[in-house]
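Okay, so the sequence shown: first residue is 1 according to UniProt numbering, each after it adds one.
Following: one structure in structure tokens, then a few remarks.
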Amino acid sequence: MYRGDFTSFWGRKYFNASFVNIYVFGIGCCVIVLYFRVFRFETAPQTRGDLPAFNYDGQASEATNLVIVAGHAVLNFAADMKRAAFSDESWHLLDYQRKSGLPEAILSHIEAGVKLAENDPSALLVLSGGETRRDVGPMSEGASYYALADILSMWGDNDARARTVTEEYATDSFQNLLFSICRFREVTNSYPQHITVVSFSFKRQRFEQLHAKALRWPMSTFAFVGVDPPTSSGFDVAKSSRGEQENAVRQFESDLYGCYSENLLNKRRLRNPFFRSHNYAESCPEVSLLLSYCGGEIFSGELPW
Numbered sequence: 001m002y003r004g005d006f007t008s009f010w011g012r013k014y015f016n017a018s019f020v021n022i023y024v025f026g027i028g029c030c031v032i033v034l035y036f037r038v039f040r041f042e043t044a045p046q047t048r049g050d051l052p053a054f055n056y057d058g059q060a061s062e063a064t065n066l067v068i069v070a071g072h073a074v075l076n077f078a079a080d081m082k083r084a085a086f087s088d089e090s091w092h093l094l095d096y097q098r099k100s101g102l103p104e105a106i107l108s109h110i111e112a113g114v115k116l117a118e119n120d121p122s123a124l125l126v127l128s129g130g131e132t133r134r135d136v137g138p139m140s141e142g143a144s145y146y147a148l149a150d151i152l153s154m155w156g157d158n159d160a161r162a163r164t165v166t167e168e169y170a171t172d173s174f175q176n177l178l179f180s181i182c183r184f185r186e187v188t189n190s191y192p193q194h195i196t197v198v199s200f201s202f203k204r205q206r207f208e209q210l211h212a213k214a215l216r217w218p219m220s221t222f223a224f225v226g227v228d229p230p231t232s233s234g235f236d237v238a239k240s241s242r243g244e245q246e247n248a249v250r251q252f253e254s255d256l257y258g259c260y261s262e263n264l265l266n267k268r269r270l271r272n273p274f275f276r277s278h279n280y281a282e283s284c285p286e287v288s289l290l291l292s293y294c295g296g297e298i299f300s301g302e303l304p305w
């Protein structure tokens with residue numbers, strides 16, 4: 001009798017202990033699941049889970065055409081990202097960029113770039129712009145645009161996201177074009193057969209008549225898509241066009257490569273507060289001489305296009 005009671009006593013104790021352990025383990029699992037659901041997944045950018053990963057099945061590496069969206073600002077990730085499509089506070093803007101419809105313009109530029117990539121399965125979309133804002137920290141314009149496209153689920157229903165990369169060294173529009181060509185070379189091991197640039201409509205002259213000319217890119221394979229925000233956003237076409245002529249076109253007309261004009265050089269310095277330097281001369285060797293060229297005449301060396 002004593003032995004039976006003893007066994008029964010320890011059996012009940014073992015059962016109770018096991019039950020407690022299982023209960024605690026179950027509660028712990030629930031806490032972990034809840035943590036990941038609330039603090040990890042629900043606060044992460046709202047991406048489309050059914051979209052393929054970058055270069056899935058080699059789409060990006062096999063691209064033949066280049067679509068460039070030129071960056072203009074860096075996201076303020078401390079702000080409400082869902083307001084980034086219309087709120088100045090969601091971006092780190094310079095004084096002249098405020099109350100000018102820039103957030104709406106950025107959204108429209110990304111949408112246009114994604115749509116072009118959607119309509120052309122052979123296109124690689126490059127979101128171009130470096131780490132240009134000292135107060136933001138080392139976050140690039142290109143990465144900001146990519147993040148916004150994720151947050152606002154702007155990728156559509158096909159594989160455009162799988163054919164999108166960032167270019168994170170450009171500090172002006174000339175570099176947006178040249179560096180994006182090199183970024184294309186890094187991804188595809190070739191040069192684009194056709195280039196489309198998305199930016200403000202008033203920058204058409206700058207890209208078509210100055211930058212493409214400086215690179216000796218054939219205009220038969222170059223397109224510019226101008227996209228402006230609505231005037232209701234505060235965007236002033238006339239004012240922007242005047243500023244474009246005074247602060248960009250005239251300066252690049254006298255310094256096509258932006259390498260010796262004090263104004264253009266100073267802009268590049270100010271827009272590179274983290275002293276970043278690219279490696280395109282090695283990854284894009286066919287244009288290494290063009291990358292380092294600084295002259296008053298159009299570059300006359302050999303080019304791969």
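We put the beta carbon where it would ideally sit given N, CA and C, even for glycine.
Query raised in the report: Does DSSP classify S199 as helix, strand or coil?
Result: strand
Query raised in the report: Cα separation between Y145 and I298?
Result: 32 angstroms
**Report entry** Endpoints, the beta strand (DSSP E) within which F224 is located
**Finding:** F222 to G226
Query raised in the report: Candidates F179, D157, R242 and N263: which alpha carbon is nearest V287's?
Result: F179
Query raised in the report: Where in the region 52 to 84 do unbroken runs of the alpha helix (DSSP H), each at least 4 residues long, occur, reported from the N-terminal end onward?
Result: none
Query raised in the report: Smallest Cα separation from E118: which of S61, L75, R163 and P103?
Result: R163
**Report entry** Local Cβ density within 10 Å of residue 306, reported as buried at 16 or more and exposed below that
**Finding:** The shown model of the chain, from 1 to 305, leaves out residue 306, and the question about it has no answer.
Query raised in the report: If V69 and V198 are in contact, beta carbons under 8 angstroms, what's the gap, nearest whole angstrom?
Result: 5 angstroms
Query raised in the report: Exposed or buried, A53, counting other C-beta atoms within 10 Å across all chains shown (16 or more means buried)?
Result: exposed
**Report entry** Close beta carbons around A281, own chain, < 6 angstroms, minus the five adjacent residues each side
**Finding:** S288 and L291
**Report entry** Span separating the alpha-carbon of P121 from that of T231
**Finding:** 33 angstroms
Query raised in the report: CB-CB under 6 angstroms to W305, same chain, minus the five flanking residues each way: which ones, in chain order?
Result: Y191
**Report entry** Span of the alpha helix (DSSP H) around A149
**Finding:** E141 to I151
Query raised in the report: Beta carbon of V256, beta carbon of F207: below 8 angstroms?
Result: Checking the displayed sequence, the identity of residue 256 turns out to be Leu instead of Val. Taking 8 angstroms as the Cβ cut-off, L256 and F207 do not qualify as a contacting pair.
Query raised in the report: Of the choices F222, N158, V237 and S277, whose alpha-carbon is the least far from that of residue 336?
Result: Outside the displayed range of the chain (1 to 305) lies residue 336, so it cannot be described from this structure.
Query - 6 angstroms CB neighbourhood of S220 in its chain, flanking five on each side removed - result: none
Query - Limits of the beta strand (DSSP E) - the one that S128 falls within - result: A123 to S128
Requested in this report: Could you tell me the distance, in whole angstroms, from the CA atom of D150 to the CA atom of Q245?
Outcome: 34 angstroms
Requested in this report: Please check the pair Q251 and S241, which I expect to be a contact at CB under 8 angstroms, by giving their CB distance rounded to whole angstroms.
Outcome: About 15 angstroms; that fails the 8 angstroms criterion.
Query raised in the report: So what does DSSP say about H278, is it helix, strand or coil?
Result: coil
**Report entry** Backbone CA spacing between L66 and L124 [nearest angstrom]
**Finding:** 5 angstroms
Query raised in the report: Do you know whose CA, among P103, A160 and C182, lies nearest N279's CA?
Result: C182
Requested in this report: Measure from the alpha carbon of R276 to the alpha carbon of each residue in K82, G129 and D57, then state which is nearest.
Outcome: G129
Query raised in the report: Run through DSSP, which three-state label would E253 get?
Result: helix
Query raised in the report: What do you reckon, are the CB atoms on P229 and E104 nearer than 8 angstroms?
Result: yes
Query raised in the report: Taking the beta strand (DSSP E) that T166 falls in, what are its first and last residues?
Result: T164 to E167
Query raised in the report: Can you tell me where the alpha helix (DSSP H) with F299 in it begins and where it stops?
Result: No alpha helix (DSSP H) holds F299; DSSP gives it neither H nor E.
Query raised in the report: For the candidate residues G71, L51, G301 and F235, whose alpha-carbon lies nearest to that of R216?
Result: G301
**Report entry** Residues near E253 by beta carbon distance below 7 angstroms, same chain, minus five either side
**Finding:** L210
Query raised in the report: For E141, does the count of other Cβ atoms within 10 angstroms reach 16, so buried, or fall short, so exposed?
Result: buried
Requested in this report: Name the two residues that bound the continuous alpha helix (DSSP H) containing E104.
Outcome: L102 to N119
Requested in this report: Determine the direct distance from the alpha carbon of G234 to that of E111, and round the result to whole angstroms.
Outcome: 20 angstroms
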